[in-house]
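Counted from 1, the sequence shown has number 275 at position 272 by the working numbering; the numbering is strictly sequential.
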Amino acid sequence: MPKFPIMTTFKDLNLSKQILNALSDIGFESPTPIQEKAFPVIMSGKDAVGIAQTGTGKTFAYLLPILKQLTYSEQRQPRVLIVVPTRELVVQVVDEIAKLSKYMQARCTGVYGGGNINIQKQKVYDGIDILVATPGRLIDLTLSRTLQFNSIQKLVIDEVDEMLNLGFRSQLIKILDILPEKRQNLMFSATLNEDVEMMIENYFYKPEYIELISRGTPLEKIIQQAYNVPNFYTKVNLLEHLLRTEKNFSKVLLFVKNKKIADDIFKALVTPGRDEFTEEIGVIHSNKSQPQRFSAVKKFDEGTHRLLIATDVIARGLDLKDVTHVINFDMPSKEASAYIHRIGRTGRADKTGIALSFITKLNLPMQKEIEALMKKKLEMLELPEAVVIDENLTQDEKPVTRDKSLKKLPKHVTPTGAFHEKKDKNKKVNLGGKRRQENLRRIAEKNVRNRPF
Ligand code: AMP
4 MPKFPIMTTF
14 KDLNLSKQIL
24 NALSDIGFES
34 PTPIQEKAFP
44 VIMSGKDAVG
54 IAQTGTGKTF
64 AYLLPILKQL
74 TYSEQRQPRV
84 LIVVPTRELV
94 VQVVDEIAKL
104 SKYMQARCTG
114 VYGGGNINIQ
124 KQKVYDGIDI
134 LVATPGRLID
144 LTLSRTLQFN
154 SIQKLVIDEV
164 DEMLNLGFRS
174 QLIKILDILP
184 EKRQNLMFSA
194 TLNEDVEMMI
204 ENYFYKPEYI
214 ELISRGTPLE
224 KIIQQAYNVP
234 NFYTKVNLLE
244 HLLRTEKNFS
254 KVLLFVKNKK
264 IADDIFKALV
274 TPGRDEFTEE
284 IGVIHSNKSQ
294 PQRFSAVKKF
304 DEGTHRLLIA
314 TDVIARGLDL
324 KDVTHVINFD
334 MPSKEASAYI
344 HRIGRTGRAD
354 KTGIALSFIT
364 KLNLPMQKEI
374 EALMKKKLEM
384 LELPEAVVID
394 ENLTQDEKPV
404 TRDKSLKKLP
414 KHVTPTGAFH
424 EKKDKNKKVN
434 LGGKRRQENL
444 RRIAEKNVRN
454 RPF
């Protein structure tokens, strides 16, 4: 059984006597941090996204409030749906529900691919309150009309990142599309990536994020400094200079605008003949595979890598300890609050953190917004003399110019040339593919054969 620091007891959560007795039978005394944080949010009925790994007690984190709110009913169709990626997890969740609801009337069943579908159909037909399922089998059961979704009030998608990794994306979307609109959505994931974020954006209503990572190191514990830097290549020069000269930059989390810039910085710092940083830098973004991400985070966490380049989205679910510096290689482009979330990743556990921002002309309005939000100005530093100002611009930084030779046609002129009407013989008629043409030919032949004389 994992050890968790004792903060509150289960009694403080105002659970029912039945659940408290069940917990005492299991031998659990106090909620884990994720259970404590998730409880009031889920009880409030809001949509919620919990960022927590297996082993944190995340299953009970959603089961406790769900069981507390479950009322007795004799209706057949389920009111709570829990979707998980694997059959093992179905079995595990059903088992945990059974233990927790030992003294309650809660009908629960698990369905998954590979199990006998007729037995599963019968169980659903007999009536259930909570259904735990893998996505594929869930869809099979709805297609056969045994299972209907109209009574679902709460949906839990557990280990959604794993589910997407396993290729359940389209099934999951199908399920989300056929569920009743009025429902509470809960999602648990160890990490957040763009895929997961997209799903949240499309299907969740103002979700509350429940995270174990304590964001928001008090601002006064973070030294906030900034440089005015004209462009990408000069930013790279500055970063290289800092890494080379400042040995106390030992655990640096570097935020960038997008995946391409993350890869570009890596390439710029780790090129053949310029490989002093090869063993020191990791990159993490949503195009990297799970093992690559895992390895990058591990190396950073252990201290093998001193620099981790990350996008906002991917950094969200990471619990990185003892980050000495946060660098905003690119300033946040949309919301000033993102700046505060980013810099809160340094300066943990009574340590002073340092946040550095590389600010271009385009970022000046955002800098003002951030300073207004914090009611504090960033300390501006001079660019070190050794940093070469590179005049070269990336494709994205080049100003957009219009080719003046491409004049707009006056509206009344009928376009000629490529836009003329085609001669009849050149007109293409869509006859469909080979197979369609073959089918049409067969049908025509058949019609001729069957025509009455
Ligand atoms: P999970 O993260 O849900 O996979 O849970 C990890 C393990 O922690 C499981 O074996 C749970 O039974 C156990 N667990 C869950 N909640 C608690 C708790 N409050 N105290 C002690 N162990 C717990």
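Yeah, the Cβ is synthetic: ideal placement off N, Cα and C, and Gly gets one too.
Chain-order list of residues whose beta-carbon lies under 7 angstroms from that of residue i (same chain, five-residue window excluded)
i: ILE446; result: For ILE446, the predicted structure reports a pLDDT of 47, less than 50, and the residue's modelled location is therefore unreliable. A value from the coordinates is still provided. Excluding residues within five positions, none has a Cβ falling inside 7 angstroms.
i: GLU279; result: none
i: LYS224; result: GLY350, THR355 and GLY356
i: PRO183; result: PHE152, ASN153 and ILE155
i: GLU243; result: LEU272
i: ASN24; result: TYR106
Near the ligand AMP: residue i beta-carbon under 6 angstroms from a heavy atom
i: PRO88; result: no
i: LYS157; result: no
i: PHE42; result: no
i: LYS102; result: no
i: LYS61; result: yes
i: PHE494; result: Outside the shown range of the chain, which is 4 to 456, sits residue 494, and nothing can be said about it.
i: PRO34; result: yes
i: PHE31; result: yes
i: GLY58; result: yes
Rounded Cβ spacing between residue i and residue j (contact assumed at less than 8 angstroms)
i: LYS157; j: ILE69; result: 6 angstroms
i: THR59; j: ILE45; result: Between ILE45 and THR59 the Cβ distance is about 15 angstroms, and since that is not below 8 angstroms, they are no contact.
i: GLU372; j: LEU381; result: At roughly 12 angstroms, the Cβ-Cβ gap does not stay under 8 angstroms, so GLU372 and LEU381 are not in contact.
i: GLY113; j: VAL97; result: 4 angstroms
i: THR62; j: VAL93; result: Going by Cβ atoms, the distance from THR62 to VAL93 rounds to 12 angstroms, so no, they are not a contact pair.
i: ASP315; j: ALA341; result: 6 angstroms
i: VAL52; j: ILE85; result: About 15 angstroms; that fails the 8 angstroms criterion.
i: PRO233; j: ILE392; result: 6 angstroms
Cut-off 6 angstroms between Cβ atoms - residues of its own chain near residue i, not counting five sequence neighbours on either side
i: PHE303; result: GLY285 and LEU311
i: VAL163; result: MET190, SER192 and VAL199
i: GLY48; result: GLN187
i: PRO88; result: GLU162, GLU165, MET166 and LEU169
i: VAL390; result: ASN240, LEU241 and HIS244
i: ASP333; result: VAL259 and LYS260
i: LEU359; result: GLN228 and ILE330
Run of the alpha helix (DSSP H) containing residue i, from where it starts to where it stops
i: SER27; result: 20–29
i: GLN370; result: 367–377
i: TYR342; result: 339–346
i: GLU3; result: It is not possible to answer for residue 3, since the shown part of the chain is limited to 4 through 456.
i: LEU92; result: 90–103
i: ILE268; result: 262–272
i: GLN227; result: Element bounds for GLN227: not the alpha helix (DSSP H) but the beta strand (DSSP E), 225–231.
i: THR458; result: With the chain running from 4 to 456 in the structure shown, residue 458 is simply not present.
i: ILE122; result: 120–129
i: LEU146; result: 138–146
i: LEU167; result: 163–168
Neighbour flag for residue i against chain C, beta carbons, 7 angstroms
i: ARG348; result: Here there is only one protein chain, and chain C is not present.
Close beta carbons around residue i, own chain, < 8 angstroms, minus the five adjacent residues each side
i: ARG186; result: ILE155, GLN156, LYS157 and LEU158
i: SER253; result: GLY306, ARG309 and THR327
i: LEU18; result: LEU26, LEU67 and LYS71
i: ILE142; result: GLN174, LYS177 and ILE178
i: GLY139; result: GLY116, PHE171 and GLN174
i: ALA109; result: LEU70, LEU73, ILE100, ASP132 and ILE133
i: LYS262; result: HIS288, SER289, ASN290 and THR314
i: LYS379; result: LEU222 and GLN227
Start-to-end residues for the beta strand (DSSP E) that takes in residue i
i: ILE357; result: 356–362
i: MET190; result: 187–192
i: HIS328; result: 328–331
i: THR314; result: 310–314
i: TYR212; result: 211–214
i: MET383; result: 382–384
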